[in-house]
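A.B. asks:
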Amino acid sequence: MKKLALLLAVLIGGLAVAGGVMWQASGPGATSFAGNDQVTLAAYKGASPTGVPASLNDASLILRGEYLTRAADCAACHTAPGGAAFAGGRAFVLPFGTVYSPNITPDKDTGIGDWTNAQFLRALHRGIDDEGARIYPVMPYTNYTLMSDADVLAIRAYLFSLKPVHAAVPDDALKFPYNQRWLMIGWSALFNPDHRFMPHANQSPQWNRGAYLAEALGHCGECHTPRNIFQALDNRRKFAGAVQVGWHAYNITGDHVSGIGGWSRAALATYLANGHATDHGPASGPMAEAVGNSLRYLTADDMAALTDYISTVPPQAGTLPPVKATAAPETYSEGDTGALALGQKIYEGACVSCHAYSGRSQLVPAMTLTGDRAVNDPSGLNVARVVLEGSRVDGAGGQAAMPGFGAAYSNAEIAAVVNYVTTRFGAAPATLQAVDIGRLREAK
5 MKKLALLLAV LIGGLAVAGG VMWQASGPGA TSFAGNDQVT LAAYKGASPT GVPASLNDAS
65 LILRGEYLTR AADCAACHTA PGGAAFAGGR AFVLPFGTVY SPNITPDKDT GIGDWTNAQF
125 LRALHRGIDD EGARIYPVMP YTNYTLMSDA DVLAIRAYLF SLKPVHAAVP DDALKFPYNQ
185 RWLMIGWSAL FNPDHRFMPH ANQSPQWNRG AYLAEALGHC GECHTPRNIF QALDNRRKFA
245 GAVQVGWHAY NITGDHVSGI GGWSRAALAT YLANGHATDH GPASGPMAEA VGNSLRYLTA
305 DDMAALTDYI STVPPQAGTL PPVKATAAPE TYSEGDTGAL ALGQKIYEGA CVSCHAYSGR
365 SQLVPAMTLT GDRAVNDPSG LNVARVVLEG SRVDGAGGQA AMPGFGAAYS NAEIAAVVNY
425 VTTRFGAAPA TLQAVDIGRL REAK
C-alpha cells in the first residue's frame with residue numbers, strides 16, 4: 005500500500021512538473037496579442053516589413069547592413085566599456101555566473117572572420133556557433149530568429165567591412181549545471197520559435213514594420229518583459245517591466261498608472277530618439293545605451309512605425325505609483341530633519357546647479373527630474389545607480405551627461421540623497437540604507 009502511495013505521489017508530481025513546463029513553453033508569441041491572423045511573408049499582401057526603410061533601398065549592402073546592425077543594437081552587448089566597437093568582452097553578471105560577449109569583428113583568430121553565411125545565419129536564427137556549440141540566450145537569438153535571411157546577411161556584410169580587432173575574451177564562468185551548453189538544446193526547443201517574422205494580415209504595413217523593429221531587431225522585450233522560471237520571456241506579461249542587469253526596465257505597456265498609457269506618440273518618439281522628453285525625464289543605464297547605439301539612428305518613418313506598434317501592446321497593471329509630474333517649489337522652505345537633512349545638504353551642494361531646486365532644469369532639459377519614472381520608483385534602484393555611476397545619453401539632438409558620485413560620497417550619503425530626491429520630486433519616497441548602496445557597489 006505504501007509503495008502504491010509513493011508511486012502515485014511520484015506520478016502526480018511528475019505530471020505536475022510536466023504540466024508546468026508545458027504551460028511555460030506554450031505561452032503566447034511576441035505578437036500574439038494582436039490576434040490569430042499571422043501569415044508568412046510570402047503570403048502577406050502589404051509592403052514587406054523586413055529590410056531597410058524605403059530611403060535606403062538603393063543603398064549598398066554594407067550601408068543597409070549598418071542600418072540594420074544599429075536597429076538590432078549589436079554594439080551595446082558586443083562592446084566592452086572602454087573597448088573597441090564590436091570586439092566583445094562585455095561581462096553579463098547573472099544569478100548563476102558571468103557570461104562574456106564574443107568578438108564579432110572579422111578577426112580570423114578571435115572574431116568571426118572565418119564564419120560562413122550559413123554559420124552566421126545559424127547563430128542568429130538557432131543560437132548555434134561556428135563550431136556547433138550552443139549559444140547562451142544572453143544573445144537574443146529568440147528574437148533574431150524572426151529576422152529575414154537577407155537582413156541577417158546584410159548585418160554580416162557590414163560587420164565584415166569593419167577593421168578586424170584581435171581581442172580574445174574571457175571564458176564564461178557559470179555554475180553547474182548552467183555551464184553545460186548542451187542543455188540549451190532543450191531550452192531552445194521549448195522557447196526558440198525558429199521561424200522568420202510572420203506579419204498580421206489585418207494590421208497595417210506600418211504596424212507590422214513596427215513589430216519587426218521591436219521584436220525581430222530591437223528585442224525590446226529582452227529588458228522590458230518579465231521572465232518565467234526557465235528565464236525565457238513571459239509574454240503573458242509582455243512589456244510589463246523587469247529588473248535586468250541591475251537596472252529596472254520599466255513597464256512600457258499602455259497602463260496609465262505604471263506604464264506609458266499617458267504618453268503621446270510624439271513624446272514617445274522624442275524620448276526614444278533623444279533619450280528624454282518633456283515631463284518624462286531622461287533615459288539612463290541600458291536604456292540610454294539603446295538610444296545612443298540604436299534608436300537615435302532610426303528614420304522618422306521607422307520611429308513612427310515603432311511607436312505605433314508599442315502603443316498597441318495591451319496594458320499590464322504594475323505596482324508602481326503614478327508618476328508625479330508637477331515641479332517642486334522653486335526654493336527650499338525650512339530644512340528637513342534627520343536623514344533627509346543630509347540628503348538635502350548633498351543635493352544643494354552637488355545637484356541643484358543642474359537639476360534646479362524645482363527639479364525642472366533650466367540648463368539642460370534632459371536633466372529634469374520631474375516626471376521621471378525612476379524618480380517615482382520607491383525602490384530607488386535606478387536613481388542610486390545613476391548617482392553611483394553617472395549617466396550619459398547620446399541622442400539625435402545631442403548629448404547629455406551626468407558624472408558619477410560613487411567615489412565622492414559614502415554609502416550612507418548616497419542613500420540619503422536618493423531618498424531625498426525621491427521624496428522631494430517623486431510620488432513615493434525610497435528608503436534606502438547604506439547597506440543597500442554597498443550591495444550595488446559590489447554587484448557592479
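By the numbering used here, the letter at position 289 of the sequence shown is numbered 293, and the numbering carries on one by one without gaps. All C-beta atoms in this analysis are idealised placements derived from N, C-alpha and C, irrespective of residue type, glycine included.
1) Only counting the same chain, and skipping five residues up and downstream in sequence, which positions put a Cβ closer than 7 Å to that of Val249?
2) Report the three-state DSSP secondary structure of Gln456 (helix, strand or coil).
3) Can you tell which of Thr316, Val439 and Tyr424 has its C-alpha closest to the C-alpha of Ala432?
4) Between Pro85 and chain C, is there a C-beta pair that is closer than 7 Å?
5) List in chain order: all unbroken alpha helix (DSSP H) runs of 4+ residues lying wholly within the segment 365 to 418.
6) Quick one: what's got a C-beta closer than 6 Å to Phe201's C-beta in the same chain, skipping five residues either side?
7) Mind checking which residues open and close the alpha helix (DSSP H) that includes Ala80?
8) Return the chain-ordered list of same chain residues with a C-beta closer than 8 Å to the C-beta of Thr374, the five sequence neighbours on each side being excluded.
9) Mind checking who Gln42 pairs with in its DSSP beta bridge?
10) Which residues in the same chain have their Cβ closer than 6 Å to the Cβ of Thr311, if we skip the five residues on either side of it in sequence?
11) Which residue or residues does DSSP assign as beta-bridge partners of Arg213?
12) Hey, Asp111 and His170: beta-carbon distance below 7 Å or not?
13) Going straight from the alpha carbon of Asn206 to that of Asn40, what length do you get?
14) Check Phe96 in the structure and name its three-state DSSP category.
15) Would Leu166 and Thr109 qualify as a contact pair, given that the criterion is a beta-carbon distance under 7 Å?
16) For His199, which of helix, strand or coil comes out of DSSP?
17) Is it buried or exposed for His260, if we count other Cβ within 10 angstroms and need 16 for buried?
18) Please say whether Gly347 and Ala420 have beta carbons closer to each other than 7 Å?
19) Identify the continuous alpha helix (DSSP H) that holds Val173 and give its terminal residues.
20) Would you check if there are 3 or more beta carbon pairs closer than 8 Å linking the segment 136 to 144 to the segment 182 to 193?
21) Report yes if the C-beta distance between Met371 and Cys358 is below 7 Å; otherwise report no.
22) In this structure, does DSSP put Gln437 in helix, strand or coil?
23) Between which two residues does the alpha helix (DSSP H) harbouring Ala273 extend?
C.D. replies: On the basis of the data shown:
1) For this step, residue 249 is matched to residue 245 along the sequence shown. Spatial neighbours of Val249 in its own chain (CB-CB distance under 7 Å, excluding positions within 5 residues in sequence) are listed in chain order as Phe96 and Pro290.
2) Absent from the structure is residue 456, since the part of the chain shown begins at 5 and ends at 448.
3) Mapped onto the sequence shown, residue 432 falls at position 428. If we check each option's Cα against that of Ala432, Tyr424 comes out closest.
4) Protein chain content of the structure displayed is limited to a single chain, and chain C is not contained in it.
5) Secondary structure remark: continuous alpha helix (DSSP H) runs of at least 4 residues inside the segment 365 to 418, in chain order: 385 to 393.
6) Taking the first residue of the sequence shown as 1, we reach residue 201 at position 197. Correct list, in chain order: Leu150, Tyr216 and Ala220.
7) Position 76 of the sequence shown holds residue 80. Segment Cys78 to His82, the alpha helix (DSSP H) holding Ala80.
8) Your numbering for residue 374 matches position 370 in the sequence shown. The answer, listed in chain order, is Asp283, Gly285, Lys328, Ala329, Thr330, Ala331, Ala332, Ser362, Gly363, Arg364 and Phe429.
9) In the sequence shown, the residue the question calls residue 42 occupies position 38. Beta-bridge partners of Gln42 (DSSP): His204.
10) On the sequence shown, position 307 is the one that residue 311 refers to. Arg269, Leu272 and Ala273, listed in sequence order.
11) Here residue 213 corresponds to residue number 209 of the sequence shown, with the count starting at 1. Paired residue(s): none; Arg213 is not in a bridge.
12) What you label residue 111 is simply residue 107 of the sequence shown in a count that begins at 1. What you label residue 170 is simply residue 166 of the sequence shown in a count that begins at 1. Between Asp111 and His170, the gap from beta carbon to beta carbon is short of 7 Å.
13) The residue given as residue 206 occupies position 202 in the sequence shown. The residue given as residue 40 occupies position 36 in the sequence shown. Whole-angstrom Cα-Cα distance: 10 Å.
14) The count along the sequence shown starts at 1 and reaches residue 96 at position 92. DSSP places Phe96 in strand when its eight states are reduced to three.
15) Position 162 of the sequence shown, counted from the start, is the residue given in the question as residue 166. Position 105 of the sequence shown, counted from the start, is the residue given in the question as residue 109. For Leu166 and Thr109, yes; Cβs fall inside 7 Å.
16) Against the sequence shown, residue 199 aligns to sequence position 195. Looking at His199 - three-state DSSP - the assignment turns out to be coil, as it is neither helix nor strand.
17) The residue labelled residue 260 in the question sits at position 256 within the sequence shown. Exposed, by the Cβ-count rule.
18) Counting from one through the sequence shown, the residue named residue 420 turns up at place 416. Counting from one through the sequence shown, the residue named residue 347 turns up at place 343. Cβ distance < 7 Å, so Ala420 and Gly347 count as in contact.
19) Within the sequence shown, the letter at position 169 stands for residue 173. That residue, Val173, is in no alpha helix (DSSP H); it is neither H nor E in DSSP.
20) These segments touch.
21) Residue 371 sits at position 367 when you count from the first residue of the sequence shown. Residue 358 sits at position 354 when you count from the first residue of the sequence shown. Result yes, Cβ atoms of Met371 and Cys358 sit closer than 7 Å.
22) As a working note, residue 437 is residue 433 in the sequence shown. Note: Gln437 maps to coil in three-state DSSP.
23) As a first step, residue 273 is located in the sequence shown; it is residue number 269 there, counting from the start. Looking at the DSSP string, the run of the alpha helix (DSSP H) that includes Ala273 is Arg269 to Asn278.
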